[in-house]
Each structure stands twice: as C-alpha cells, then as structure tokens.
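If you read the protein sequences in the order shown, they are chains H and F.
In case it helps, the numbering used here puts the first sequence at residues 715 to 1000.
In case it helps, the numbering used here puts the second sequence at residues 1450 to 1633.
First comes the structure, then the notes that go with it.
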Amino acid sequence: RPTPNPNISPLPPGSHILFTQSGKIEYIPLDGHNLKKNEAKTALHLPEKVVIGIAYDCVEKMIYWTDISTPAISRANLQGGEPVQLIKSDIGSPEGIAIDHLGRNMFWTDSMKDRIEVSSLDGTQRRVLVNTDLVNPRAILTDSTNGYIFWADWNRESPKIEMAYMDGTNRRVLAKDDLSLPNGLTYDPQTSLLCWADAGTHKVECMNPQQGRRTQLMEEIQYPFGLTTDGKNFYYTDWTRVSVVVVDRHLRREVDEFQPQKRTRLYGITTAHARCPAGQNYCSSN
Amino acid sequence: DSTVGSSSDCKACPCPAGATCAVVPKTNEVVCTNCPTGTTGKRCELCDDGFFGDPLGEKGPVRACRACSCNNNIDPNAVGNCNRESGECLKCIYNTAGVFCDRCKQGFYGDARAANVADKCKPCKCSPYGTVDRQTACSQVTGQCPCLPHVINRDCGACELGFYNLQSGKGCERCNCNPIGSTN
C-alpha cells in the first residue's frame, strides 16, 4: 500500500485557486469569489522541479502539472498520494496542460517540439494532434461539453489564438491581429467566453469563439503569464508584480492581489472547483 | 521541537542566510522555503528558471546564479531558456545554435553574435543545381555552399566564365566555342 506523501498538505473542501512557482504548487481557498489569502498554503513541494502548467481534474480531485526541468508531466492526488510521472519520454518543454474531465483525456503544449499532444489521464493512448504552424505554443484549455480545445501561440512574428476539435481536426484561427504575447488563456463554459491575457499589448480581451467579436476587458496590465476564471472574477499571475491579480469581470477593474512569500516568478494558474460542471460529450460516450 | 524544554530545541535552518525553512510532517525533512532571489531547491542549491550556476558549490567551486547568457539570442518571454546548472542555452532563436547560441544553425550563415538581428544568421539558399549532392548547408561563417566543378558564387548559382549548363546538376560544362567564329 503506498504511503501518503508527507510533502502534500490536503486541499480542504471547497473551491481553490491553484498556481505554480518553480519548486511548488500553491493554493488559495475561495470563499465565494473572494480569496482567503491568509489561508493560502503550499499544496505540493517539488523543490527540484520547474513547474509551469497546472490543471485540475474535478472528477478524481487530482492535479496535473508540467515540469520543464525533468521534463515530464505528472499528477498527484491532493487528498494524499505520491506524485506519479505520466509522460517522460519524447518530451521537450511541456508548458500548458488542460483536462477534458468528461472524456478523461489530457492535452498539453510542447514549446520545444512545437506540438500539441493528447493522452489518457494515465499517460497511455498518447497521440500528436497538431505539429504544424506552431512556434511558441503555451496556454491550452478545453471546452469539454462541446469537444473543443483552444490554445495560444506567442510567436513574435505572428501570434495567434486557435481552436480545433479534440481530435485535432477542424483547426481554425480565432484571433491574430493586435496580439503580441498572449501568454494566458481561459474559457468560461457558462458564458462561452474565451479570454486571454497578453504581456505585449498589456490587455485582457475576450471573444465568443462561435461569434468572433472581440471585447476588451482590461488594459495597462503589467506582465501576465497564466489566466483563469471562476465565472465572476479573472485571476492572472504576473511576472513583474510577482503576484496573483484578481479582476472583476463586470466592474472591469482590479479588486484584489495576492503576493506569495516566495519572490520568484509565478507561472500557471487554474481554478479547482469543488464540484464538476454538469455535462456530457462524444468522448465520454465513446 | 520547542516543546522539549532544552536550550537546543530549535536548530538554525540549514539554508543560506535569511532563508526560512519548514519541517515536512512525518519525514521531518527540512526544506528551505524562502531561498535568496534566483535560487531554489531543498537547500537553495539550485538556480531558478532563467538562471544558472552552482550556488552552494556542490559540484565544484561556488558559482552564484546568473541570468542565462545566450548572446541575446533567447526570448525573455520563454521559459527554460538555459540549463540551470551548466548554463547551456536550450532555446536559441534568430536561427542560432550552440551551447551559448553563439553560432548559426545548420542551413544558415553569418555572425550569431552580431548586435543587429538582421545581421545575425541568414539562410544559405544554396542553388540546388550547383551544389554538391544538392546540400542545403553552407559554411557557417562565410556562407559558401560546396560547389560542383566549374560552378561559382557563394550560393553555387552560376558557371565560371567559359562554362555553361548549370542545370545539368553535374557541374558546368566547357562552352567549346570555336575561337575563330566567336567574339571572345
């Protein structure tokens, strides 16, 4: 019987914001849509690793992360369990990671191999989905209900935001004009809004992927890396401020900021919802 | 353990000055939690992403963590730009390559260390007809492509004077013009 890893402090019940710094994964509990900043803790110490991307599987309550130092993709159950390496061969610089909680697959970007890959949540059934026209793919996320993936490529010559079906087909560019360094990306299934944070234009913008109209949410932000939403607020990690910044979607202004004790760059960020959103997709039925 | 009641209950953190530490429950392993800027690891023995060195001198002399040094041929928005210990550059851009992004990658030539991006590495663009084995690589410094017999120019795209038929793919052939009937 595996012994619980003492490096792991279990996530208390409820919803949380999870983010990564190079040697660890941190969590901040959410009280409604407010950060309980004085209850922020380290969820997982990984002192030898450089952890970049993070994703949460609401079904099995597992966290998944990419690590560019090994390099590898790993997961751990935060209720007590060993970190397990899932992908460790033929991998260059894994950055963004996303979970399809209905189809039980994970998707990731590799900025060295310049491709987007998929596998089952245990690392088997691995397949390359996209390996053309990618230069600096970073953020990736899923629309589980409709079976889409979205990703951003911050290629300085022609940055873009793209989408495709979860099998890699029907690929199309959603945005390419007036982009610079779209590092962060998030999708809110309630409103069908895809939003990104750009470290070059210093803006947060959104669009409905089916309708295509862009709207600006924030400007003059500093240096965003990761972006996530809980439906009401946006949360982004910022390299210049070395903090998690909270933006109210309706007020369109900053409402809070969390500065971790460790003053090193923050990378990926995600929302760990207490409950999975209801839904079904074609991958979950077959 | 401060509850035992002896004067040696609390030990100093085994971390560089100023860093705090925590005891991991159950294993009693001590992990530094607030390493000096640019360092990380259980004992602050590693450099953060974007830096390289050997801050505790575990593998030789102490080398403080410094920012990746790649001849300005890396992108500050990228992660994992260099190996955190050796400093080997891992994400060279502008068509450069090498341990410190200090030379042009195969198929390109020029000065990888030039200050101006436009002066850095240019594509060889060797002529497929005039180059030995239709090679696409050239001298990384001069840009000279390996030319077939009697083929000239950097890109092997022309015949020597008095030769013709570059398109043959076997080198240029002598014109063999009759000296009496030709103007030169």
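Quick reminder that beta carbons are idealized off the backbone N, C-alpha and C, glycines included.
Closest residue to residue 943 of chain H among H/986, H/848 and H/869 (Cα-Cα distance):
H/986
May I ask you to list the residues that DSSP assigns as paired with residue 975 of chain H?
Bridge partners of residue 975 of chain H according to DSSP: none are assigned.
Roughly how many angstroms separate the alpha carbons of residue 1466 of chain F and residue 1456 of chain F, rounded to a whole number?
Computed Cα separation, rounded: 22 Å.
Taking the alpha carbon of residue 815 of chain H as the point to measure from, which residue in H/791, H/846, H/773 and H/951 has its own alpha carbon closest?
H/773
Do residue 782 of chain H and residue 1529 of chain F have their C-beta atoms within less than 8 Å of each other?
yes
Confirm, please, whether the CB-CB distance from residue 852 of chain H to residue 810 of chain H is below 8 Å.
yes
Taking the Cβ atom as the reference point for each residue, do residue 1531 of chain F and residue 1519 of chain F lie within a distance shorter than 8 Å?
Judged by beta-carbon spacing, residue 1519 of chain F lies within the 8 Å limit of residue 1531 of chain F, meaning their Cβ atoms are closer than that value.
Residue 1583 of chain F, DSSP secondary structure in three states:
If DSSP states are grouped into helix, strand and coil, residue 1583 of chain F belongs with the helices.
Can you tell me whether residue 1560 of chain F is helix, strand or coil according to DSSP?
Coil at residue 1560 of chain F, not helix or strand.
Taking a Cβ distance cut-off of 8 Å, strictly less, list which residues of the region 975-992 of chain H are near chain F, in chain order.
For the region 975-992 of chain H, the residues whose beta carbon sits under 8 Å from a beta carbon of chain F are, in order, 975, 976, 977, 978, 979 and 981.
What distance in whole Å lies between the Cβ atoms of residue 844 of chain H and residue 854 of chain H, which are believed to be in contact at a cut-off of 8 Å?
With a Cβ gap of about 10 Å, residue 854 of chain H and residue 844 of chain H do not count as contacting.
Look at the Cβ atom of residue 1522 of chain F, then the Cβ atom of residue 1486 of chain F, and state whether they are nearer than 8 Å.
no
Cα-Cα separation between residue 725 of chain H and residue 731 of chain H, rounded to whole angstroms
11 Å
Proximity of residue 768 of chain H and residue 823 of chain H at Cβ, strictly below 8 Å
no
Taking the Cβ atom as the reference point for each residue, do residue 802 of chain H and residue 786 of chain H lie within a distance shorter than 8 Å?
yes
Check the Cβ-Cβ distances between residue 1491 of chain F and every residue of chain H, and say whether any is below 8 Å.
yes
Can you find a CB in chain F that lies within less than 8 Å of the CB of residue 903 of chain H?
no
Quick check: the Cα distance between residue 960 of chain H and residue 776 of chain H, rounded to an integer number of angstroms?
Residue 960 of chain H and residue 776 of chain H have their C-alpha atoms some 24 Å from each other.
Using the C-alpha atoms, what's the distance from residue 878 of chain H back to residue 729 of chain H?
29 Å
By alpha-carbon positions, which one of H/833, H/857, H/828 and H/880 ends up nearest to residue 867 of chain H?
The shortest C-alpha separation from residue 867 of chain H is found at H/828.
Relative to the C-alpha of residue 754 of chain H, which residue among H/919, H/975, H/980 and H/859 is closest?
H/975
Using a Cβ-Cβ cut-off of 7 Å (strictly less than) and excluding sequence neighbours within five positions of residue 972 of chain H, which residues of its own chain qualify?
742, 749, 751, 754, 957 and 958
So residue 948 of chain H is in the beta strand (DSSP E); what residue range does that whole segment cover?
Residues 947-952.
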